[in-house]
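So the protein sequences, as listed, match chains W and F.
The number in this note's numbering is simply the position in the first sequence, starting from 1, with 65 added.
The number in this note's numbering is simply the position in the second sequence, starting from 1, with 458 added.
We treat Cβ as the ideally placed atom computed from N, Cα and C, and that holds for glycine.
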Amino acid sequence: MRHPLSRRDVLWKCAALGALTLAPDASMADVFAWSENQQPDSRAPTPWNEIGPFYKREAPNVADLRGSGDKGLPLSVTGRVFDTRGQSIEGAKIEIWQANDAGLYDLDGYKYRASLTADRTGAYGFGSIMPGHYPARVCQHIHYLVTAPGCKALTTQLYFGTDPVFSGDPARNFTKDPLIQSVELVRPVKMTKSAAGVRADVTFEIVLERL
Amino acid sequence: MSRCSAALLALVFASACSHAAPEITTPVDTGLLRVASPVSSLLFARTQPTAVARTQDHRLRVLSLPDGKELQAIDYGDRRVVAFDLSADGASVALGDWSGLVSVWTTATGALRYERRLPKYPGVLTFSPDGKLLAMAPQGDAVQILNAATGAPVTTLGSPVGGTLTLAFSRDGRRVATGDGDTIVRIHDAATGKEVASNREFLMVPLTVVFSADSASVFAASGDKFVTIIDAATGKTLRKLDRTTQPMQALDVSPDGASIVTIFMKSEDMTQPDHVVVRAMDSWQPRLDWLPPTMPVGGGWTSDGRLLVALAASDGVQLWRLH
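Following this line, the structure appears as structure tokens:
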């Protein structure tokens, strides 16, 4: 499997191929230190959100959570998993769980629960339905637990800009749900239409902190 | 396994085969406890005739029981409360808000004793049974245990994935059980924070943990919808009780250790009430099964061994005696 090169790998390769040469008083360590300080691809960690009471381990590795005939707006969520240096994290484990269209969680089985693995570019994706409003919560949401070797585990939640709670202005109204402490977790929704009907597309990128 | 736990298990197993159906009692309406402002939540001190009501005018009202006389009114301002607890002797009350600020007051004087800033808002605040320790569980972070009198740090527990959602001290104060986001029940030394045992048999996050009266075992329940009895020394499952139709959000053992109350959660809508069941500890047979007409605002075992549940009323709380 081909791995994307890290910034340090690129610098080594440049040095090996002559694209990078060093003055007598400079070392590769100096170059690496400069490179780290520049952090052109640095990303802020994804804001944390609490895990909630309904996490269930051992969810199946399925990318399509919809069953035939399930009610609700079809939803496609895609994204990539990075570290704070902007490097994609292959093999990151993304566990998701959500309520159904009526706002109910499945406690007895694994409906609308999945455990996904990021590919070599850190990409993940799943098909689902727009979650309903769970009565004890303000906003529609999907729970995430993301883990990867060498990184701090992240629990967070994905919210939707189209949620009526936000009255079309998430930046102003996201605090209507006290659990949302960052508007970054409220993602725009792109509606698409195909022969199968209307579908909501959402991109949610995850940034983990290195340990 | 301790001798007490072995005896308990023997009784539970025996009862499953031979116990006659007990008489189910009904709750008794003991009347109105008048409070100066509508009550958001209410806690009873376990060893003293004292209660604290958190009221909608942003005050903690310290009440004597049974007369309901207001002893103190502590103004906590416009803070949005997420957790609060009253020590068993009623001497200390702790309150935590969404900003992660935890305040502890002396109820006798209403004086603020100290404040602590947590990295995240607390999901749980719990005093030890002797009132000497205060455990604070910031969501998604490590539990901190303080000297309840001074606020000085005593120890910090490990930091599980997802943090700690529920915790309980043993009655002897030596152990702390936590229900953690990674679905594990852990038992820690309360003085050092060291993990001494764990139970990994839950699939879902434990929502409530409580020690038996002899501190030898832990009762834990989760969205898995059953109660597991865990050996506090080894973490091994001693018994898994019958699956229920709803999860339990709270378990509490009576002061004499003879009864346990199980408070169910209506998982499809946690804002609505579900059944409260009082069981005999020795047989696990229900003694009372009650569906409150409205969501309780509080309750607990009182100093005289009663189990009271408070329902909000326009001018206070209606108290129902369940045991």
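Those residues which DSSP pairs with residue i across a bridge
i                      : result
residue 776 of chain F : F:490 and F:769
residue 527 of chain F : Partner(s): none; residue 527 of chain F has no beta bridge.
residue 605 of chain F : F:591
residue 583 of chain F : F:594
residue 212 of chain W : W:158
residue 224 of chain W : W:251
residue 751 of chain F : Bridge partners of residue 751 of chain F: none, in fact.
residue 189 of chain W : W:144
residue 637 of chain F : F:624 and F:643
residue 532 of chain F : F:518
residue 662 of chain F : W:121
Burial state of residue i (16 or more Cβ within 10 Å)
i                      : result
residue 234 of chain W : exposed
residue 277 of chain W : With chain W covering 66 to 276 only, the question about residue 277 of chain W has no answer from this structure.
residue 237 of chain W : exposed
residue 732 of chain F : buried
residue 723 of chain F : buried
residue 43 of chain W  : Outside the displayed range of chain W (66 to 276) lies residue 43 of chain W, so it cannot be described from this structure.
residue 127 of chain W : exposed
residue 577 of chain F : exposed
residue 553 of chain F : buried
residue 79 of chain W  : exposed
residue 255 of chain W : exposed
residue 580 of chain F : buried
residue 93 of chain W  : exposed
residue 720 of chain F : buried
residue 594 of chain F : buried
residue 252 of chain W : buried
residue 140 of chain W : buried
Alpha carbon of residue i to alpha carbon of residue j, nearest angstrom
i                      : j                      : result
residue 520 of chain F : residue 544 of chain F : 10 Å
residue 787 of chain F : residue 636 of chain F : Beyond the ends of chain F as shown, which are 459 and 781, falls residue 787 of chain F; an answer cannot be given.
residue 130 of chain W : residue 180 of chain W : 11 Å
residue 632 of chain F : residue 714 of chain F : 19 Å
residue 657 of chain F : residue 679 of chain F : 12 Å
residue 190 of chain W : residue 221 of chain W : 16 Å
residue 85 of chain W  : residue 76 of chain W  : 7 Å
residue 555 of chain F : residue 262 of chain W : 45 Å
residue 229 of chain W : residue 755 of chain F : 29 Å
residue 675 of chain F : residue 165 of chain W : 37 Å
residue 272 of chain W : residue 148 of chain W : 5 Å
residue 172 of chain W : residue 122 of chain W : 11 Å
residue 711 of chain F : residue 670 of chain F : 7 Å
residue 773 of chain F : residue 663 of chain F : 37 Å
residue 716 of chain F : residue 612 of chain F : 32 Å
residue 661 of chain F : residue 641 of chain F : 6 Å
N- and C-terminal bounds of the beta strand (DSSP E) containing residue i
i                      : result
residue 708 of chain F : 706-711
residue 657 of chain F : 653-657
residue 744 of chain F : 744-748
residue 237 of chain W : Not the beta strand (DSSP E): residue 237 of chain W falls in the alpha helix (DSSP H), residues 235-238.
residue 733 of chain F : Per DSSP, residue 733 of chain F belongs to no beta strand (DSSP E) and is neither H nor E.
residue 645 of chain F : 643-647
residue 687 of chain F : 685-689
residue 266 of chain W : 262-268
residue 543 of chain F : 539-544
residue 180 of chain W : 178-182
residue 519 of chain F : 517-522
residue 576 of chain F : Element bounds for residue 576 of chain F: n/a, residue is neither H nor E.
residue 717 of chain F : 717-722
residue 499 of chain F : 497-502
residue 612 of chain F : 611-614
Near the ligand NAP: residue i beta-carbon under 7 Å from a heavy atom
i                      : result
residue 697 of chain F : No copy of the ligand NAP occurs in the structure displayed, which carries no ligand at all.
Where residue i sits in the DSSP three-state scheme
i                      : result
residue 114 of chain W : coil
residue 829 of chain F : Given a span of 459 to 781 for chain F in the structure shown, any question on residue 829 of chain F remains unanswerable.
residue 462 of chain F : The predicted position of residue 462 of chain F is uncertain, since its pLDDT is 42 and thus under 50; a value taken from the coordinates is nonetheless stated next. Here residue 462 of chain F sits in helix by DSSP.
residue 95 of chain W  : helix
residue 563 of chain F : strand
residue 509 of chain F : strand
residue 552 of chain F : strand
residue 66 of chain W  : At residue 66 of chain W, the pLDDT of 39 sits below 50, so the modelled position is not reliable; the number obtained from the coordinates is stated separately. Of the three classes helix, strand and coil, the one that applies to residue 66 of chain W here is coil, per DSSP.
residue 678 of chain F : strand
residue 196 of chain W : coil
residue 73 of chain W  : helix
residue 485 of chain F : coil
residue 230 of chain W : helix
residue 79 of chain W  : helix
residue 258 of chain W : strand
residue 468 of chain F : With a pLDDT of only 42 at residue 468 of chain F, under 50, the local geometry of the prediction cannot be trusted, and the value read off the model is given with reservation. Helix at residue 468 of chain F.
Element boundaries [alpha helix (DSSP H), containing residue i]
i                      : result
residue 109 of chain W : Residue 109 of chain W -> no alpha helix (DSSP H), and no H or E assigned at all.
Contact list for residue i against chain B, beta-carbon separation under 8 Å
i                      : result
residue 113 of chain W : Any reference to chain B falls outside this structure, whose protein chains are W and F.
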